[in-house]
Amino acid sequence: GPKVLQIPSHQIIDMGQMVTLNCDPVSNHLYFYWYKQILGQQMEFLVNFYNGKVMEKSKLFKDQFSVERPDGSYFTLKIQPTALEDSAVYFCASSLEGGPYEQYFGPGTRLTVL
Amino acid sequence: AQKVTQTQTSISVMEKTTVTMDCVYETQDSSYFLFWYKQTASGEIVFLIRQDSYKKENATVGHYSLNFQKPKSSIGLIITATQIEDSAVYFCAMRDNYAQGLTFGLGTRVSVFP
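Line by line, the protein sequences are chains A and B. Under this note's numbering, the first residue of the first sequence carries the number 35, and numbering increases by one thereafter. Under this note's numbering, the first residue of the second sequence carries the number 10, and numbering increases by one thereafter.
1. Could you check where the beta strand (DSSP E) with residue 74 (chain B) kicks off and where it finishes?
2. May I ask you to list the residues that DSSP assigns as paired with residue 172 (chain A)?
3. Classify residue 115 (chain B) as helix, strand or coil using the three-state DSSP reduction.
4. Say whether the stretch 11-30 of chain B touches the stretch 82-92 of chain A, bearing in mind that this needs 3 or more beta-carbon pairs closer than 8 Å, one atom from each stretch.
5. How far does the beta strand (DSSP E) with residue 140 (chain A) in it reach, from first residue to last?
6. I'd like the list of long-range same chain contacts for residue 27 (chain B), defined as Cβ closer than 8 Å, with 5 residues on each side in sequence excluded.
7. Specify, as a first and last residue, the run of the beta strand (DSSP E) that residue 82 (chain A) falls within.
8. Counting only beta-carbon separations shorter than 8 Å, does residue 86 (chain A) have a partner in chain B?
9. Does the stretch 128-140 of chain A come close enough to the stretch 53-65 of chain A that 3 or more CB-CB pairs lie under 8 Å?
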């Protein structure tokens, strides 16, 4: 099926530092998402991005979080500054359109904040 | 607010048999979409099948089928002729007509033994 790529697969940083997680969505997809999964817990929605704007965000999407996709390049999630509770696996997803269209997920980036 | 509940933590089955997983959901909306994903041992998240709330027919894709019982807010997943490679964690998810983000259940771990 369609492939979403994520870089890096694992990132270790010190608390208070900035981190950028990169996502290469499916080429013709228009909607992009970030989800967070803490070990042993369910995946939780963070944010949805379309046409250069945040369309929807959850309460987990703190002020320290930001997303962008400059000039059709990587779709990025930036956390600045990071906190210990940001340690999790972050999954990027994309879909052709909104509505009922299924979302395709990347392999995730494991973020460890020390 | 939406909620998705998967009460079965884990299921073990013999190869070539049928496994059934439960999922119940809560939503205020009359129109919504239900999805099943699986997460493999490597962490890859794979879309399996979708059910639109307005469709009465149960969706079927390959050896995956759904048991959609709208009055009970239930969307069970049935896997027939299971294979070893079906061993994974299966997540039920939903979104309504207005939200873009998926709401996930906690998942059911399926182990298929030879």
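Beta carbons: idealized from backbone N, C-alpha and C, even for Gly.
On the basis of the coordinates in this document:
1. In the second sequence, residue 74 (chain B) corresponds to position 65, counting from 1. Unbroken beta strand (DSSP E) run through residue 74 (chain B): 73-78.
2. Because chain A is modelled from 35 through 148, residue 172 (chain A) falls outside the range shown and cannot be assessed.
3. Walking along the second sequence from the start, residue 115 (chain B) turns up at place 106. Reduced to three states, the DSSP call for residue 115 (chain B) is coil.
4. no
5. Position 106 of the first sequence, counted from the first residue, corresponds to residue 140 (chain A). Segment: none, residue 140 (chain A) is in no beta strand (DSSP E) and carries neither H nor E.
6. Counted from its first residue, the second sequence places residue 27 (chain B) at position 18. Result list for residue 27 (chain B): 87, 88, 89, 90 and 91, in chain order.
7. Within the first sequence, residue 82 (chain A) is the residue found at index 48, counting from 1. Where residue 82 (chain A) is concerned, the enclosing beta strand (DSSP E) stretches over 77-84.
8. Start at 1 with the first residue of the first sequence, and residue 86 (chain A) comes out as number 52. For residue 86 (chain A), the answer is no, since every Cβ of chain B falls outside 8 Å of its Cβ.
9. yes
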